[in-house]
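Student: Numbering (my numbering), first residue to last: -19 to 114.
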Ligand SMILES: [Zn+2]
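Structure below.
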């Protein structure tokens, strides 16, 4: 697995642990529709292609079910416009887009050195040794 994919996999585990819901027996829910999901995916609010520096920033990521919302977001522009964007504004506040774009401009490029540092940080958070340990 590529380094960036390892980082995404670790981040997914961290977010699943951090964003557990009391409304689901597994604690895993889609943050867009609220339904329980076995394996939530990383939904990038500002997309990975145009905003690669936000790819591993939790503030740009929702946990989402693939079939209930993530897939539909990518294939149905009405669903994106009528359901997903309003939900993001509800979760992040009305200025979410401007705030995320400022964040993007302050983040370092995800080169190999930066990815190695992030992987180490995520690993220590997951194992309970780092700052903000789980
Ligand atoms: Zn959903």
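Think of the CB as a built atom: it goes at the ideal place given N, C-alpha and C, for glycine as much as any other residue.
1) Would you kindly report the start and end of the unbroken beta strand (DSSP E) that includes residue 23?
2) When you compare only the Cα positions, how much space is there between residue 7 and residue 42?
3) Is DSSP giving residue 41 helix, strand or coil here?
4) Exposed or buried, what is residue 39 when buried is set at 16 or more other beta-carbons lying within 10 Å of its beta-carbon?
5) Can you have a look at residue 82 and say buried or exposed, based on whether 16 or more other CB atoms are within 10 angstroms of its CB?
6) Could you check whether the Cβ of residue -13 sits closer than 7 Å to any heavy atom belonging to ligand 1?
7) Taking 7 Å as the limit between beta carbons, can you name the residues of its chain near residue 52, skipping five residues before and five after?
8) Which same chain residues, not among the five before or five after residue 44, have their C-beta less than 7 Å away from its C-beta?
Tutor: With the structure as the only source:
1) Here the beta strand (DSSP E) through residue 23 covers 21 to 24.
2) Cα to Cα, the separation comes out at about 15 Å.
3) Here DSSP, grouped into helix, strand and coil, assigns residue 41 to strand.
4) exposed
5) exposed
6) no
7) 59
8) 10, 11, 12, 20, 21, 23, 50
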